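Take a look at the structure set out below.
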Amino acid sequence: MMSCRRLSSSFLILLLIAGLGMAQSGLTVTATSTAAGTPAVYAFSFTADQELSPRAELAVVFPSGFDLSKVVMADSRSMDGGWLVRVQGDTVWAQRSGLGKAMAAGTAVDLILAAVVVETSAAAPEWLLLHREENALQTSRQRAEITLRKADRL
Numbered sequence: 001m002m003s004c005r006r007l008s009s010s011f012l013i014l015l016l017i018a019g020l021g022m023a024q025s026g027l028t029v030t031a032t033s034t035a036a037g038t039p040a041v042y043a044f045s046f047t048a049d050q051e052l053s054p055r056a057e058l059a060v061v062f063p064s065g066f067d068l069s070k071v072v073m074a075d076s077r078s079m080d081g082g083w084l085v086r087v088q089g090d091t092v093w094a095q096r097s098g099l100g101k102a103m104a105a106g107t108a109v110d111l112i113l114a115a116v117v118v119e120t121s122a123a124a125p126e127w128l129l130l131h132r133e134e135n136a137l138q139t140s141r142q143r144a145e146i147t148l149r150k151a152d153r154l
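Numbering follows our numbering, with no gaps: position 148 of the sequence shown is 148.
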């Protein structure tokens, strides 16, 4: 069994989407390890207020202190179809391949990224979660709190 920790501290959620500002709710960040130098699987779970198309692009902008050079895989327990992954500096972009179903507004979804390495622990990391559809972007912002919690698995 893998031990997971829900990361503690505040984060900022920034969502980008075509047409209308999109809010999301209930974002949680869970990791198989938060130990420095240890590759880990990070899961980002949330409920989208608008539909996620089969070609939606999600991105996580990591706070300082993370090594993303080994991240080559994205997955989801809730969204079917494949994922294309690219890393740009402090951001991991994961685009749905177009082979899955659209996810309706109000559906709980997740994005899983591996292998994320924590180099140093930030006292109060700030997380940005991005969502883009068809390159027309608009932003909305929310703040939220998450608490430290051990779990048996992601």
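The C-beta atom is built at its ideal place from N, Cα and C for all residues, glycine as well. The model shown is predicted, which means the values in this text are computed figures rather than measured ones.
Discussion item. Starting from residue 39, trace the beta strand (DSSP E) in both directions and tell me its first and last residue.
Written reply: 39–48
Worksheet entry | Nearest-angstrom beta carbon gap, residue 116 and residue 58 [assumed within contact, 8 Å] | Not quite, the Cβ-Cβ distance comes to about 15 Å (not below 8 Å), so this is no contact.
Fill in: Neighbourhood of residue 102 by C-beta distance below 8 Å, restricted to the same chain and skipping five residues each side
51, 52, 53, 54
Fill in: Cβ separation of residue 90 and residue 71, assumed to be a contact under 8 Å, to the nearest whole Å
11 Å between Cβ atoms; not a contact.
Worksheet item: For residue 75, which of helix, strand or coil comes out of DSSP?
Response: strand
Fill in: N- and C-terminal bounds of the beta strand (DSSP E) containing residue 57
57–61
Worksheet item: What three-state label does DSSP hand residue 34 in the structure shown?
Response: coil
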